[in-house]
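Report on one structure; see the data block that follows.
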Amino acid sequence: MSTIARPEILVAGGGIGGLAAALALARKGRCVRVLEKASEFGEIGYGIQMGPNVYPMLETLGVFEAMAPHVVYPDALVLADAISGDELSRITLGAAFRARYKYPYFVIHRRDLHGAILDACRRNENVALEASKGLARFEQRGDRVVVRCEDGSEYEGLALIGADGLWSPTRAAVVADGPPRLTGHVVYRGVVPTDEVIDRSYLNSMVIYVGRNMHLVQYRLRAGAVMNNVATIESDRFKRGEPNFGRPDELEEIFSQCAPRVRDMLRYVSRERNWVLYDRDPVTNWAQGNVTLLGDAAHPTLQYLAQGACMAIEDAVVLAAEVARHGTDFNRAFLAYQQQRMNRTARVVLSSRFFGAYIHAGGGARALRNELLAQRSPDEPWEADWLYRGIDVR
Ligand SMILES: Cc1cc2nc3c(=O)[nH]c(=O)nc-3n(C[C@H](O)[C@H](O)[C@H](O)COP(=O)(O)OP(=O)(O)OC[C@H]3O[C@@H](n4cnc5c(N)ncnc54)[C@H](O)[C@@H]3O)c2cc1C
Numbered sequence: 001m002s003t004i005a006r007p008e009i010l011v012a013g014g015g016i017g018g019l020a021a022a023l024a025l026a027r028k029g030r031c032v033r034v035l036e037k038a039s040e041f042g043e044i045g046y047g048i049q050m051g052p053n054v055y056p057m058l059e060t061l062g063v064f065e066a067m068a069p070h071v072v073y074p075d076a077l078v079l080a081d082a083i084s085g086d087e088l089s090r091i092t093l094g095a096a097f098r099a100r101y102k103y104p105y106f107v108i109h110r111r112d113l114h115g116a117i118l119d120a121c122r123r124n125e126n127v128a129l130e131a132s133k134g135l136a137r138f139e140q141r142g143d144r145v146v147v148r149c150e151d152g153s154e155y156e157g158l159a160l161i162g163a164d165g166l167w168s169p170t171r172a173a174v175v176a177d178g179p180p181r182l183t184g185h186v187v188y189r190g191v192v193p194t195d196e197v198i199d200r201s202y203l204n205s206m207v208i209y210v211g212r213n214m215h216l217v218q219y220r221l222r223a224g225a226v227m228n229n230v231a232t233i234e235s236d237r238f239k240r241g242e243p244n245f246g247r248p249d250e251l252e253e254i255f256s257q258c259a260p261r262v263r264d265m266l267r268y269v270s271r272e273r274n275w276v277l278y279d280r281d282p283v284t285n286w287a288q289g290n291v292t293l294l295g296d297a298a299h300p301t302l303q304y305l306a307q308g309a310c311m312a313i314e315d316a317v318v319l320a321a322e323v324a325r326h327g328t329d330f331n332r333a334f335l336a337y338q339q340q341r342m343n344r345t346a347r348v349v350l351s352s353r354f355f356g357a358y359i360h361a362g363g364g365a366r367a368l369r370n371e372l373l374a375q376r377s378p379d380e381p382w383e384a385d386w387l388y389r390g391i392d393v394r
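Mapping to the numbering used here: the sequence shown position 329 is 329, numbers consecutive.
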């Protein structure tokens, strides 16, 4: 068992959520130890969208300034029909948007976001970071929790925060609701130099081409130097119960409905790796004594509102505020945190499912969607108004 000079809060998982939680707690004067399963702390090399709700959270964590040089502010979010290629609707992200939500919408490379939080953790003497420390199990002993890692090492803490992602072993013990829900949605990604991009219609915007059971997102990163491309399909083979669903040949098959210039954009995504998507039905029991969950471990969501990481960062700030308020009573702090986060994150999970079905519409549903989108004005608040207005951290 590791001996600890000062009582610590243990965090399992050093992704965006776990590191944000560690930093938020450390900035409230708590000592935190992050146990990360991977051999290094890191993130995948693709982009991520950040809604205006998360901007003040990053300021609270004191990391926005370090991220600022890497941030890109798209001028609009454009929805275009993948089959006709026509623009359907746009949400302008300029002055009216900023006036409404107080903060901007931005995109950033995941490594720049994760790296800024990681650097801040490294600079904070209250944070200890340990790689190659996968949580295998934990045991609650009175007012302590003992974590046993896969390598046999043990750590004792005042509390445990399971920020260990979609397949969280912490969740398996706390909620015990089985594996996440396999959705049959599959993602292919790619980042290419912007110079290589042939269709330059929406270079300063985020664009989403939508079609039956598919969409493709494009936006620029790193001062515009590279283009992030994300192609998602909702697999017909999965719906038919076929095992090898979501393979590159199915990606091509589903994209064959698209206008040639959209189909052509598949050249920017790699076929070497894909991501099969899962989510979970919302639950109401993330907190168990001095153990709780955060981020994807608590409320994994489909990506259709682009808010999974935003929710994890909001979780971190709320959690730290409740821990600060309740002193050593982690049970009360964690229940208060769960109470504040439960319905908001459930709404993200359920709205993301709906929004996915909406953009992936075909046939008559596509015609209706396109008509509804054509009726909206670019400065009108859309369905995510409640989300973008953000939270008050009490
Ligand atoms: C295609 C796609 C696009 C997305 N786009 C957006 C977007 O635009 N905006 C947005 O906000 N969100 C987006 N998301 C969601 C976002 O990526 C996730 O919600 C977010 O990364 C979750 O962070 P996390 O720290 O909770 O979990 P993770 O990032 O999964 O981190 C978990 C960490 O725990 C570690 N770990 C796992 N098991 C253990 C263990 N046993 N012990 C210790 N450590 C362990 C892992 O190695 C990892 O480092 C997207 C997701 C997908 C799939």
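Glycine included, each C-beta is placed from N, C-alpha and C at the ideal position.
For A96 and G134, the rounded distance between their alpha carbons | 46 Å
Given a cut-off of 7 Å, decide if L221 and G47 are closer than it, judged by their beta-carbon atoms.
-> yes
Can you tell me which of V348, G356, D75, S132 puts its alpha carbon nearest to the alpha carbon of E150?
-> E150 has its Cα closest to that of S132, out of V348, G356, D75, S132.
Return yes when the C-beta of E242 is under 6 Å from any heavy atom of ligand 1, and no when it is not.
-> no
Whole angstroms is fine: what's the gap from S84's alpha carbon to V323's?
-> 52 Å
Which ranges would you report for the beta strand (DSSP E) in the region 139-225 if only whole runs of at least 3 residues count?
-> The region 139-225 contains these whole beta strand (DSSP E) runs: 144-149, 154-157, 159-162, 181-193, 206-211, 214-221.
Take every Cβ of the region 53-62, pair it with every Cβ of the region 227-238, and state whether three or more of those distances are shorter than 8 Å.
-> no
Regarding L35 and ligand 1, is the C-beta to nearest heavy atom distance less than 6 Å?
-> yes
Confirm the yes/no value for this check: CB of I402, any heavy atom of ligand 1, distance under 6 Å.
-> Because the chain here runs from 1 to 394, residue 402 falls outside it and cannot be looked at.
In its own chain, which residues sit with a C-beta less than 8 Å from the C-beta of D264, not counting the 5 before and 5 after it?
-> I198, D199
Which first and last residues belong to the alpha helix (DSSP H) in which F106 is found?
-> No alpha helix (DSSP H) contains F106, which is instead part of the beta strand (DSSP E) from 106-109.
Tell me whether L79 sits in a helix, a strand or coil according to DSSP, three-state version.
-> strand
Which residues in the same chain as Q338 place their Cβ atom closer than 6 Å to its Cβ, once the five residues preceding and following it in sequence are excluded?
-> W286, A287
Among Y268, T301, R110, the one whose alpha carbon lies nearest that of V276 | That would be T301, whose Cα lies nearest to the Cα of V276.
Any chance the region 33-49 sits against the region 341-357, with 3 or more Cβ pairs inside 8 Å?
-> no
In whole angstroms, what is the alpha-carbon distance linking E272 and D112?
-> 23 Å
Where F334 falls, given that 16 or more other Cβ within 10 Å makes a residue buried | buried
State the DSSP-derived secondary structure class of S352, mapped to helix, strand or coil.
-> helix
Whole angstroms is fine: what's the gap from F245's alpha carbon to L305's?
-> 24 Å
Backbone CA spacing between I108 and G142 [nearest angstrom] | The straight-line gap from Cα to Cα measures roughly 43 Å.
Alpha-carbon to alpha-carbon, A24 and R90 | 35 Å
Minimum length 3: unbroken beta strand (DSSP E) runs contained in the region 38-93 = 47-50, 76-81, 87-92
Is it the case that the CB of Q218 approaches a heavy atom of ligand 1 more closely than 6 Å?
-> no
For S235, does the count of other Cβ atoms within 10 angstroms reach 16, so buried, or fall short, so exposed?
-> buried
For ligand 1, is there a heavy atom less than 6 Å away from the beta-carbon of W275?
-> yes
May I ask you to check if the CB of D279 is nearer than 6 Å to at least one heavy atom of ligand 1?
-> no
For ligand 1, any of its heavy atoms closer than 6 Å to the Cβ of D296?
-> Because some heavy atom of ligand 1 lies under 6 Å away, the Cβ of D296 counts as near it: yes.
Would you say R237 and E253 are within 7 Å of each other, going by their C-beta atoms?
-> no
I48 CB to nearest heavy atom of ligand 1 below 6 Å | Yes - ligand 1 has a heavy atom lying nearer than 6 Å to the Cβ of I48.
Range covered by the beta strand (DSSP E) that runs through L372 | Per DSSP, L372 belongs to no beta strand (DSSP E); it is in the alpha helix (DSSP H), 363-375.
Would you check if the distance between the CB atom of A120 and the CB atom of L294 is smaller than 7 Å?
-> no
Within its chain, find whatever has a CB closer than 7 Å to the CB of L88; leave out the 5 residues flanking it on each side and keep chain order.
-> Cβ neighbours of L88 beyond the five flanking positions: L79, A80, D81, N370, L373, A374.
Step through the CB atoms of chain B and report whether any lies within less than 7 Å of the CB of E242.
-> The chain inventory of the structure shown lacks chain B, comprising one protein chain alone.
Taking only runs that begin and end inside the region 229-268, name each unbroken alpha helix (DSSP H) of 4 or more residues, in chain order.
-> 236-239, 248-255, 260-263
Under 7 Å between C-beta atoms of P169 and Y278 = Annotated as distal: P169 and Y278, with beta-carbon spacing of 7 Å or more.
According to DSSP, what are the bridge partners of Q288?
-> V291
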